[in-house]
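A short write-up of the structure that comes next.
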Ligand SMILES: [Zn+2]
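Residue numbers (my numbering): 107 to 264.
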């Protein structure tokens with residue numbers, strides 16, 4: 107039995123929410139922050155003193171540029187860490203809160219997000235990536251609650 111557009115959107119929404127929970131974004135962001143911090147350290151505490159120590163070269167503007175670049179790299183690293191902490195914040199979860207209660211568990215834990223499905227059509231990879239359906243998916247955040255609903259706004263072109 108082929109999946110309906112609603113099923114596809116709900117599947118996508120659930121896997122999106124899982125990747126949020128796994129903290130994949132957090133890890134990637136912190137790695138990037140570490141790279142910028144390392145670059146900043148390199149520029150400020152290694153490359154700049156090295157060039158400065160070469161006293162006979164008139165490199166004042168270069169060392170100033172390195173200072174600015176190093177400080178900027180540290181600033182970017184700091185912003186990334188702040189951003190990562192914000193992403194890790196339990197309030198920055200998948201989707202937006204929806205007023206009302208869940209019809210299954212009765213709790214106020216519904217969240218909604220726009221989802222666009224893009225995928226290969228089953229059994230027809232030669233057709234290329236199928237322009238999938240788009241719609242709004244509502245999921246319940248209560249652990250163990252299976253409530254999921256989708257409203258298709260743009261049906262898949264078949
Ligand atoms: Zn529920």
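Using N, Cα and C, we set each Cβ at its ideal position, and we do this for glycine too. Computed from a predicted model, the values in this text were never measured in an experiment.
Query	Result
Under 8 Å: does the beta carbon of residue 248 sit that close to some heavy atom of ligand 1?	yes
Who pairs with residue 119 in a beta bridge, going by DSSP?	Answer by DSSP bridge pairing: none, since residue 119 is not bridged.
In whole angstroms, what separates the C-alpha of residue 158 from that of residue 141?	24 Å
Ordered along the chain, which non-local residues of its own chain (more than five positions away) have a Cβ less than 7 Å from that of residue 170?	none
To the nearest angstrom, how far is it from the Cα of residue 209 to the Cα of residue 190?	33 Å
Give the secondary structure of residue 187 by DSSP, where H, G and I count as helix, E and B as strand, and everything else as coil.	helix
Can you tell me where the beta strand (DSSP E) with residue 258 in it begins and where it stops?	254-260
What would DSSP say about residue 158, mapped onto helix, strand or coil?	helix
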